[in-house]
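Below: the structure, in structure tokens.
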Amino acid sequence: MRSFTGMMAVVTGGGGGMGRELVVQLAAEGCSVAACDVDEAGLAVTAERAAEASPGGGEVRVTTHRCDVSDEAQVTRFRDEVVERHGIGHINLLFNNAGISGGNSFVTSPRAEWERTFGVCWGGVYNCTRAFMPLLIASDEGCLVNTSSVNGFWAAGPGLPMSAYSAAKFAVKGFSEAMLTDLRLNAPHVRVALVMPGHVGTGIVINSRRIHGRSEPDDMTAEELADARPLAAAVTGVPADRLSDEEVRVVVKGMGEAFRDNAPLSAADAATVILDGVRAGTWRILVGDDARALDAAMRADPLDLYRPDSPTVAGMLANVRPREE
Numbered sequence: 001m002r003s004f005t006g007m008m009a010v011v012t013g014g015g016g017g018m019g020r021e022l023v024v025q026l027a028a029e030g031c032s033v034a035a036c037d038v039d040e041a042g043l044a045v046t047a048e049r050a051a052e053a054s055p056g057g058g059e060v061r062v063t064t065h066r067c068d069v070s071d072e073a074q075v076t077r078f079r080d081e082v083v084e085r086h087g088i089g090h091i092n093l094l095f096n097n098a099g100i101s102g103g104n105s106f107v108t109s110p111r112a113e114w115e116r117t118f119g120v121c122w123g124g125v126y127n128c129t130r131a132f133m134p135l136l137i138a139s140d141e142g143c144l145v146n147t148s149s150v151n152g153f154w155a156a157g158p159g160l161p162m163s164a165y166s167a168a169k170f171a172v173k174g175f176s177e178a179m180l181t182d183l184r185l186n187a188p189h190v191r192v193a194l195v196m197p198g199h200v201g202t203g204i205v206i207n208s209r210r211i212h213g214r215s216e217p218d219d220m221t222a223e224e225l226a227d228a229r230p231l232a233a234a235v236t237g238v239p240a241d242r243l244s245d246e247e248v249r250v251v252v253k254g255m256g257e258a259f260r261d262n263a264p265l266s267a268a269d270a271a272t273v274i275l276d277g278v279r280a281g282t283w284r285i286l287v288g289d290d291a292r293a294l295d296a297a298m299r300a301d302p303l304d305l306y307r308p309d310s311p312t313v314a315g316m317l318a319n320v321r322p323r324e325e
């Protein structure tokens with residue numbers, strides 16, 4: 001797949017972050033795209049940027065669709081809309097990119113938040129692959145592109161648990177690796193690519209709070225403050241019982257902003273890495289120097305990254321501290 005010109009792609013999570021950049025860059029290369037998200041305002045911005053980037057002439061069509069990928073009925077409707085609005089019977093590329101964070105602790109996080117995170121990050125991949133696989137197989141050449149994470153081989157975060165997100169991303173990784181053989185035997189003209197980003201500058205932390213129905217940091221309830229206090233303690237190094245409510249709010253707000261603004265790689269650069277990998281036929285695409293370093297560290301000493309005093313984890317934790325005003 002040396003060129004995306006004249007092809008048809010589906011991108012989930014296209015309302016912002018890497019999804020938006022994938023849509024824009026694909027359109028710029030002459031690829032028609034159907035993008036979905038739960039953020040309709042974000043999708044409108046994506047469509048506008050894609051229209052500006054596309055070569056014009058009416059050959060590239062970009063459509064947007066509201067869809068919660070964790071809901072199979074909505075995904076089925078999305079697929080039917082794509083077929084109808086693009087007038088096609090196949091697609092060439094499916095980017096299972098949608099994801100949210102949350103449900104960090106299996107012990108203390110709300111069950112609904114845990115299951116919502118797992119449902120989007122893994123269920124979205126499963127539902128969309130089920131729905132669109134016949135259209136991929138109907139193409140002359142197809143590629144299933146699944147976004148996992150470095151948390152797909154390291155089931156933790158810098159100083160905090162990430163149980164729902166990591167479990168989901170491990171599932172995406174395992175599913176994608178299993179599909180290597182499955183597709184080779186049963187649909188050899190369709191291949192799979194596994195994307196494993198490190199820290200990419202997106203609004204996932206901020207947006208996920210909203211998707212889970214949590215208050216903005218300045219309006220956090222007593223229950224939300226109590227839930228966030230262990231995280232704030234891990235980030236600041238200050239015992240949880242010594243942190244004021246205002247200090248907890250500052251940490252929560254600062255972490256979301258720091259994740260978005262202080263990343264070593266932009267969403268646009270990450271999308272370029274992904275598309276370059278798909279073009280090159282690479283099935284395992286590590287996105288970012290930190291992803292490559294963490295992959296190497298896990299392979300060299302898988303026990304180290306789970307030690308509470310791991311220097312590797314300490315270094316990562318320093319990069320997610322909230323900025324001082």
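Take 1 as the starting number for the sequence shown in full-length UniProt numbering and just add one per residue.
All residues carry an ideal CB built from backbone N, CA and C; glycine is no exception.
- By the criterion of a C-beta distance shorter than 7 Å, T221 is surrounded in its chain by S215, once the five residues flanking it on both sides are discounted.
- Residue pairing by DSSP puts V195 in a beta bridge opposite T147 and I285.
- Apart from sequence neighbours up to five positions away, the residues of its chain that approach A168 with a beta-carbon distance below 6 Å are F118, C121 and W122, ordered along the chain.
- The bridge partners DSSP lists for S266 are G201.
- For the pair T236 and V11, the Cα-to-Cα distance works out to about 37 Å.
- Annotation for H86: M8, S32, A34, R61 and T63 place their beta carbon closer than 8 Å to its own, counting only its chain and skipping 5 residues before and after.
- The Cβ atoms of V287 and G201 do not sit closer than 8 Å to each other.
- Counting only the Cα atoms, L231 lies some 15 Å from E257.
- The beta carbons of V195 and N146 sit closer together than 8 Å.
- Restricting attention to M18, R260, G14 and N92, the CA atom closest to the CA of E40 is found in G14.
- Per DSSP, the continuous beta strand (DSSP E) segment holding R66 begins and ends at V62 to R66.
- Collapsing the DSSP output to three states places T221 in coil.
- In the three-state scheme derived from DSSP, where H, G and I count as helix and E and B as strand, A155 is classed as coil.
- For C36, the beta-bridge partners assigned by DSSP are T12 and H65.
- With respect to the C-alpha of S163, the residue from P110, A187 and D140 having the closest C-alpha is P110.
- For the 8 Å CB-CB criterion, V24 and R49 form a contact.
- Here the alpha carbon of K253 sits roughly 42 Å from the alpha carbon of V190.
- Excluding sequence positions up to five before and after S208, its CB lies within less than 7 Å of the CB of I100, S101 and G102, all in the same chain and listed in chain order.
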